[in-house]
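There are 2 protein chains.
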Amino acid sequence: MTTTPTADWLRLDQQICFSLNAASRAFGGVYRVILKDLGLTYPQYLVMLVLWEHGDLPVKKLGEHLRLDSGTLSPLLKRLEAGGLVRRERSARDERSVEVRLTGEGDALRERALQVPRRIAAATGFDVEEIRELRARLDQLTTALDTAARTEAESATARQR
Amino acid sequence: MTTTPTADWLRLDQQICFSLNAASRAFGGVYRVILKDLGLTYPQYLVMLVLWEHGDLPVKKLGEHLRLDSGTLSPLLKRLEAGGLVRRERSARDERSVEVRLTGEGDALRERALQVPRRIAAATGFDVEEIRELRARLDQLTTALDTAARTEAESATARQR
DNA sequence: CACAATTCAGTTGTCTGCAATTGAATTGTC
DNA sequence: GACAATTCAATTGCAGACAACTGAATTGTG
Chain A
0 MTTTPTADWL RLDQQICFSL NAASRAFGGV YRVILKDLGL TYPQYLVMLV
50 LWEHGDLPVK KLGEHLRLDS GTLSPLLKRL EAGGLVRRER SARDERSVEV
100 RLTGEGDALR ERALQVPRRI AAATGFDVEE IRELRARLDQ LTTALDTAAR
150 TEAESATARQ R
Chain B
0 MTTTPTADWL RLDQQICFSL NAASRAFGGV YRVILKDLGL TYPQYLVMLV
50 LWEHGDLPVK KLGEHLRLDS GTLSPLLKRL EAGGLVRRER SARDERSVEV
100 RLTGEGDALR ERALQVPRRI AAATGFDVEE IRELRARLDQ LTTALDTAAR
150 TEAESATARQ R
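Quick mapping for you: the protein sequence lines, in order, are chains A and B.
If you're matching positions, the first sequence starts at 0 in numbering that gives the first Met the number 0 and goes up one per residue.
If you're matching positions, the second sequence starts at 0 in numbering that gives the first Met the number 0 and goes up one per residue.
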């Protein structure tokens, strides 16, 4: 009987994470080019997407939508503010919270951004259905990985006790 | 007739790039936990994978396998060297080139790394066939995106002329 | 041979991502 | 009402990515 040699488990081209990482960075490359016109980086674009979709939000909520924490968002939002797309205002009701508000300029940028998804979709060469399938697959993967990360972290903590 | 409102094109949950990005970072979380024992980060692990698979390589070749350039690899390799896993030696034949060589320690680490892919695979909750399919899909995507990035870059350059 | 073009690694500067910590504000509980 | 626990944004420190550039070495062409 021929089993896969254990050594082959380490082959780069068998690592799903590598393909994923490569695809993610390849997207980065395309976005970099397309978003240059808008003066946005890709993560900044994601933040703007959330704001356009949901309106003004506290940093916390923004982070939940994007699965990013304040360590990433704080400096990013400052840059957006410096670019005049966004204002940050301490909430009156809860002084711990900072509301991120679109400026007129930030709101106006939305019009120019409308063409971006279409250009991106074209760049993938995938049709709508293929994209939908792949998205579903990836979201399923993300959920599984998040669960596993928590489990691993717990068992690691347990080992230390 | 009911077409999808253009506004919906900007919805975060329709952006394939976001799912991809999220999945990639979720992988990062799992790897961070699992690789902590080995004292490697995820990109460092990828470099080690290539070296274990192909033996000593110049920085250039390493970058081709991983689609990374010297800007990323130079500092990363210095850290691996500081950790005693790798040596960097100027090639005698071509003094521009730097050979990255595994040390005994780096080679030995391979044994402990053999368990990693299995744990990762388990974390995904996907079976071998599902992983294979997803990988194929992602590689296809990467190829398309790389081509598109070049095309976009060219047309941007052309517009400037 | 000479010299322009190319190749290669490294450096610098900018922008993520994330862990860990800080400090202020709020909430829950006694 | 006091005070411990929690929440929230910001900061610090580290490691990646990548563009742009530098400097050294090599190659190709005339």
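Glycine included, each C-beta is placed from N, C-alpha and C at the ideal position.
Quantities reported herein were computed from a predicted structural model and do not represent experimental measurements.
Item, Value
"Residue 66 of chain B versus A:13, A:142, A:25 and A:111, residue with shortest Cα-Cα distance", "A:25"
"Residue 110 of chain B versus residue 138 of chain B: straight-line alpha-carbon distance, rounded", "28 Å"
"Expected contact under 8 Å - CB spacing of residue 135 of chain B and residue 122 of chain A to nearest Å", "That belief does not hold up - the Cβ atoms of residue 135 of chain B and residue 122 of chain A are roughly 19 Å apart, past 8 Å."
"Extent of the continuous beta strand (DSSP E) run through residue 88 of chain A", "85-89"
"Partners in chain A for residue 141 of chain B, counting only beta-carbon separations shorter than 8 Å", "18, 21, 22 and 25"
"Burial state of residue 74 of chain A (16 or more Cβ within 10 Å)", "exposed"
"Residue 66 of chain B in three-state terms, based on DSSP", "coil"
"Beta-carbon spacing of residue 46 of chain A, residue 34 of chain A below 8 Å", "no"
"Which of helix, strand or coil DSSP assigns to residue 148 of chain B", "helix"
"The stretch 75-85 of chain B contacting the stretch 124-132 of chain B, beta-carbon criterion three pairs below 8 Å", "no"
"Contact check, residue 55 of chain B vs residue 98 of chain B, beta carbons under 8 Å", "yes"
"For residue 100 of chain A, the first and last residue of its enclosing alpha helix (DSSP H)", "Here residue 100 of chain A belongs to no alpha helix (DSSP H); instead the beta strand (DSSP E) covers 97-101."
"Of the residues B:94, B:52 and B:19, the one placed nearest residue 140 of chain A, counting alpha carbons only", "B:19"
"Short CB-CB distance (under 8 Å) between residue 68 of chain B and chain A", "no"
"Within-8 Å CB hit, residue 0 of chain B to chain A", "With a pLDDT of 48 at residue 0 of chain B, under the threshold of 50, the predicted position of this residue should be treated as unreliable, and no value is reported."
"Beta-carbon spacing of residue 37 of chain B, residue 108 of chain B below 8 Å", "yes"
"Residue 113 of chain B burial status per 10 Å Cβ neighbour count (16 or more: buried)", "exposed"
"For residue 113 of chain A, three-class secondary structure by DSSP", "coil"
"Within-8 Å CB hit, residue 57 of chain A to chain B", "no"
"Distance CB(residue 29 of chain B)-CB(residue 147 of chain A) smaller than 8 Å", "yes"
"Three-way DSSP call (helix, strand, coil) for residue 76 of chain B in this model", "helix"
"Coil, strand or helix - residue 41 of chain B by DSSP", "helix"
"Limits of the alpha helix (DSSP H) - the one that residue 125 of chain B falls within", "Unbroken run through residue 125 of chain B: none, as it is neither H nor E."
"Chain-ordered neighbours of residue 10 of chain A on chain B, where CB pairs are closer than 7 Å", "52"
"Close-in-space but distant-in-sequence residues of the same chain around residue 9 of chain A (CB under 7 Å, 5 per side omitted)", "none"
"Cutoff 8 Å: residue 123 of chain B Cβ touching any chain A Cβ", "yes"
"Nearest to residue 39 of chain B (by Cα), restricted to the options B:105, B:64, B:53 and B:100", "B:105"
"Pairwise C-alpha distance: residue 14 of chain A and residue 118 of chain B", "12 Å"
"Of the residues B:16, B:115, B:124 and B:149, the one placed nearest residue 32 of chain B, counting alpha carbons only", "B:115"
"First through last residue of the alpha helix (DSSP H) which encompasses residue 34 of chain A", "15-34"
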